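Let me begin by presenting the structure, written as structure tokens, before commenting on it.
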Amino acid sequence: MSKEITSRSADYSQWYNDLVLKGELADYSAVKGCMVIRPYGFALWENMQASLNKMFKETGHVNAYFPLFIPKSFLSKEAAHVEGFAKECAVVTHYRLKNDPNGGGVIVDPDAKLEEELIVRPTSETIIWNTYKDWIKSYRDLPLLINQWANVVRWEMRTRLFLRTTEFLWQEGHTAHATREEAIAETEKMLEVYASFAEDFMALPVIRGVKTASERFAGAEDTFCIEALMQDGKALQAGTSHFLGQNFAKAFEVKYLNKQNQLEYVWATSWGVSTRLVGALVMAHSDDQGLILPPKIAPLQVVIVPIYKGDEQKAQIDIKANEIMSQLKNLGVRVKYDDNDNNRPGWKFAEYEMKGVPVRLAIGARDLEKNVVEVARRDTKEKKAIGLDGIAQYIDGLLLEIQHNMFNKAKAYRDEHITRADTWDEFEKLLDEKAGFISAHWDGTPETEEAIKEKTKATIRCIPLFNPPEDGKCIMTGKPSGQRVLFARAY
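Those letters in the sequence shown? Residues 24 to 514, by the working numbering.
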């Protein structure tokens, strides 16, 4: 199967597409720009969703659901917001079809035009804040901490499976607070939730930072982000958390009566991650043989493959395999016994390697005689014979070891690809020859930021949260700068 995969060195983009398709994560759709998420890919998303959902609820948030359709007038109420999304909106103008009287098939009924067009949800701030004005009356109603799991549509001209599609799945949190300080604390808290999820569950090291004014979310006062690095040296924004100030509260007249019996506008946040995280997993960890998935969120953590000749050997292996299965399931391990006799063991090995299953066990008649099983780990491809006594506990520990090893490997790569540049020549050379994050000074102006982007296709990924102040000179203009920022070419 690996012979069907384009190597990373030959064509990284095609390698990525090969893994998504052949690893059965997704497929192309008849609808241009949209994808079909296949069961294996959706199982991966479900595991990510379940872990995040638990983290949201532990921080006091509850789930709700808001309409897919947004009246056009709502988007007009917040100027920066509508400007940011206007070019990506799909618009519903009619509500009925009819047969063409001239025999041309189904046509839009011209008599069924909507009085007001509806926008297919690109993001939900407007519809949610229009609702919050009815829910929030007093300080007793705050904070309001709501999340929704949904699909959104942003009309994209250039699409890539998971990374950028016209329709995608995500979660979006929308919270309301009594004070500016509470809202900022919420924004920072959710950024840390995302960072913890990426690092602890996805084994994906991230840099926490703040977006520049030109890169922040439309309608936000500040956008916080986590940035990850892929194996080709390009950055990927893995999650964002926005401090919205009072912009949406003022646009939709959302006020509350404070303890002094005075009316005040509430303070807002929004935050979200999407199915592009699946793409991040593929590009950060996988190799030329297929996917490599972190055990904590892999749809299948362990597969057991029997190797036998004849029904008698198979019957003996079945007993031991089912015993191991039961022990692993009692430890909460997602395990499968693949005794399907339509495919040979070698084919199964290649299939599960392609799908990135963290651990494979192979059991043959000789293994039973020796009371051992062959254990193969996907991350390092290491194989060893392990005694059957205590095998479940060994596998349980091995899964944790694989999780840590994947994170450490990705972190080592990321750290090796954060490079300082002090001159323009250094900057351009690093972008072309090494890639990765480049830590450099910038004069703080959007004009310089745009000029660098036009000249090099590199953007300021973030202003790192934990970077100490440092006096220097902008790499392009030579003007004073008080802090380094991170540049990279990105997805």
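The beta-carbon is built from N, C-alpha and C at its ideal position, and this holds for glycine as well.
These numbers were taken from a predicted model, which means no experiment stands behind them.
Hey, how far is the Cα of residue 175 from the Cα of residue 192? One C-alpha to the other measures close to 7 Å.
DSSP three-state label for residue 341, please. Three-state DSSP puts residue 341 in a helix.
Please state whether DSSP places residue 145 in a helix, a strand or coil. Here residue 145 sits in coil by DSSP.
Expected contact under 8 Å - CB spacing of residue 306 and residue 46 to nearest Å: No, residue 306 and residue 46 are not in contact; Cβ-Cβ is about 12 Å, not under 8 Å.
If contact is defined by three or more beta carbon pairs under 8 Å, each pair taking one atom from either stretch, is the stretch 246-262 in contact with the stretch 459-470? The stretch 459-470 is in contact with the stretch 246-262.
Jot down the residue ranges of each uninterrupted beta strand (DSSP E) in the stretch 242-288, minimum 3 residues, whole runs only, in chain order. List check, beta strand (DSSP E) in window: 245-252, 258-268, 278-280 and 286-288.
To the nearest angstrom, how far is the alpha carbon of residue 265 from that of residue 242? Going by C-alpha positions, residue 265 is about 9 Å away from residue 242.
Pick out whichever of 118, 434, 327 and 429 has its Cα sitting closest to the Cα of residue 133. Ranking the options by Cα distance to residue 133, first place goes to 118.
Best match in 369, 333, 404 and 349 for proximity to residue 413 [C-alpha to C-alpha]: Cα-wise, what sits closest to residue 413 is 349.
Using a Cβ-Cβ cut-off of 6 Å (strictly less than) and excluding sequence neighbours within five positions of residue 35, which residues of its own chain qualify? Here residue 35 has 255 as same chain residues with Cβ atoms under 6 Å from its own Cβ, once five neighbours each way along the sequence are excluded.
Compute the distance between the beta-carbons of residue 321 and residue 398, then report whether it is under 8 Å. In terms of Cβ geometry, residue 321 and residue 398 do not form a close pair [threshold 8 Å].
Starting from residue 215 and walking both ways along the beta strand (DSSP E), at which residues does that stretch end? For residue 215, no beta strand (DSSP E) segment is defined; the enclosing uninterrupted segment is the alpha helix (DSSP H) at 203-223.
Would DSSP call residue 482 helix, strand or coil? Residue state for residue 482 is assigned as strand, using DSSP reduced to three classes.
Check for me: the alpha helix (DSSP H) holding residue 372 runs from which residue to which? Where residue 372 is concerned, the enclosing alpha helix (DSSP H) stretches over 368-377.
Check the DSSP bridge columns for residue 462 and list the partner residues they point to. Paired residues: 443 and 509.
Cutoff 7 Å; reference residue 182; Cβ partners in own chain excluding five residues on either side: Cβ within range, chain order: 56, 188 and 189.
Would you kindly work out how many angstroms separate the C-alpha atoms of residue 423 and residue 248, rounded to a whole number? Spanning the two alpha carbons is a distance of roughly 27 Å.
Have a look at 337, 179 and 317 and flag the residue whose alpha-carbon is nearest the alpha-carbon of residue 382. Selection 337, 179 and 317 evaluated against residue 382 yields 317 as nearest (Cα-Cα).
With a 10 Å radius around its C-beta and 16 neighbouring C-beta atoms as the bar for buried, classify residue 75 as buried or exposed. It is buried - the Cβ of residue 75 has at least 16 other Cβ atoms within 10 Å.
Per-residue burial, residue 99 [other beta carbons within 10 Å of its own, 16 or more giving buried]: When all chains shown are included, residue 99 counts as exposed.
Can you have a look at residue 484 and say buried or exposed, based on whether 16 or more other CB atoms are within 10 angstroms of its CB? Residue 484 is classed as buried because its beta carbon has at least 16 other beta carbons within 10 Å across all chains shown.
Residue interval of the beta strand (DSSP E) (run including residue 359): Per DSSP, residue 359 belongs to the beta strand (DSSP E) from 358-360.
Below 8 Å CB to CB, which residues in the same chain sit around residue 233 once its five sequence neighbours on both sides are set aside? If we look at residue 233 and ignore the five residues flanking it on each side, its Cβ neighbours are 245, 246, 247, 248, 485, 486 and 488.
Unbroken stretches of the alpha helix (DSSP H), 4 residues or longer, contained in the stretch 29-106: Secondary structure within the stretch 29-106: the alpha helix (DSSP H) runs of 4 or more consecutive residues, fully enclosed, are 35-45, 62-81 and 95-98 (chain order).
Compare the Cα-Cα distances from residue 168 to each of 482, 293, 363 and 40 and report the closest residue. Per the Cα distances, 293.
With a threshold of 8 Å on Cβ separation, who are the neighbours of residue 440 within its own chain once the five nearest residues in sequence on each side are excluded? Excluding sequence positions up to five before and after residue 440, its CB lies within less than 8 Å of the CB of 252, 256, 457, 458, 459 and 460, all in the same chain and listed in chain order.
Helix, strand or coil at residue 119 [DSSP, three-state]: In the displayed model, residue 119 falls within coil according to three-state DSSP, outside both helix and strand.
Within 8 Å, strictly: CB atoms of residue 162 and residue 281: Taking 8 Å as the Cβ cut-off, residue 162 and residue 281 qualify as a contacting pair.
Identified DSSP bridge partners for residue 199: 167 and 291.
Between the alpha carbons of residue 107 and residue 267, how many angstroms are there, rounded? Cα atoms of residue 107 and residue 267: separation of roughly 14 Å, rounded to the nearest angstrom.
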